[in-house]
Structures are given as C-alpha cells and as structure tokens.
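Novice: Just so we're aligned: 172 in the numbering used here is position 72 of the sequence shown, and the numbers increase by one with no gaps anywhere. Beta carbons are placed, not taken as given, at the ideal position from N, Cα and C, and that holds for glycine.
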Amino acid sequence: MADDLSRAFLDVLDERVRQVNVKGHTPERDDHYPRGELALAEAAYAGRAAGVAMSSTTVCSYALYLYPWAMSGFHQKNYRSDMVRAAALIIADIEAFDRAEARKAGV
C-alpha cells in the first residue's frame with residue numbers, strides 16, 4: 101500500500117508525526133482546543149500559501165490574523181511546506197473532533 105501513497109500524502113503524515121514527537125502537539129494537547137483554534141491555524145497556513153501563490157502580500161497579511169496563538173509559533177516557509185503543515189493540522193483537528201464526539205457518546 102505504501103507504494104500507492106503520494107509523496108504529498110506521506111509528507112503530511114511525516115509532518116503530523118513531527119508535530120507530535122518533536123513539537124509536543126500530542127492528541128491530549130489538541131483536545132484542549134475545542135473552539136476552533138486548530139481550524140484557525142489550518143486556515144492561517146493555507147491562507148498564507150494562497151497569498152504566496154497569488155503573489156499577494158495582502159492575502160498573506162490577512163492569513164496571519166487568523167492564527168490563534170502567539171505569532172512566534174507561526175513558522176511560515178513556502179507554499180508547499182505551509183500546505184503540508186495546514187493538512188497535518190487538519191488531521192489533528194479531525195482526530196480531536198472525533199475524540200470529543202466519542203466522549204459525548206460515552207465511548
């Protein structure tokens with residue numbers, strides 16, 4: 101199966117592993133952000149990537165306003181890296197949502 105996975109998909113998974121193992125952004129930590137903070141971070145990285153693709157400093161600037169935490173934690177790089185980071189954050193957010201729903205259901 102691994103042969104069928106794209107480089108992009110594998111890079112997103114690697115980024116998520118890095119977020120957990122290197123940055124300490126564990127599932128338990130992610131569960132402390134139930135009010136859309138992860139979604140805002142995703143949007144900030146994806147929005148910045150869009151601004152880069154459009155060569156729009158305005159779009160890049162607006163995207164930064166979405167970032168829900170201290171700007172020292174926002175590590176923009178380039179279009180692809182920012183999109184990979186956004187996708188990894190989406191995975192973290194969906195997993196946190198699923199855990200919250202399971203807790204509500206008593207699972």
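Considering only the beta carbon of each residue, do Val152 and Asp111 sit closer than 9 Å?
Specialist: In this structure, Asp111 does not lie closer than 9 Å to Val152 by Cβ.
Novice: Whole beta strand (DSSP E) runs in the region 103-165 with 3 or more residues, listed along the chain?
Specialist: Runs found: none.
Novice: According to DSSP, is Val184 part of a helix, a strand, or is it coil?
Specialist: Helix at Val184.
Novice: Quick check: what's the CA-CA separation for His132 versus His125?
Specialist: Computed Cα separation, rounded: 11 Å.
Novice: Using 8 Å as the threshold, is the region 138-146 in touch with the region 165-177, meaning 3 or more CB pairs across them?
Specialist: With a cut-off of 8 Å, the region 165-177 and the region 138-146 count as touching, because enough Cβ pairs lie within range.
Novice: CB Glu195 to CB Asp103, shorter than 9 Å?
Specialist: The answer is no: Cβ separation not under 9 Å.
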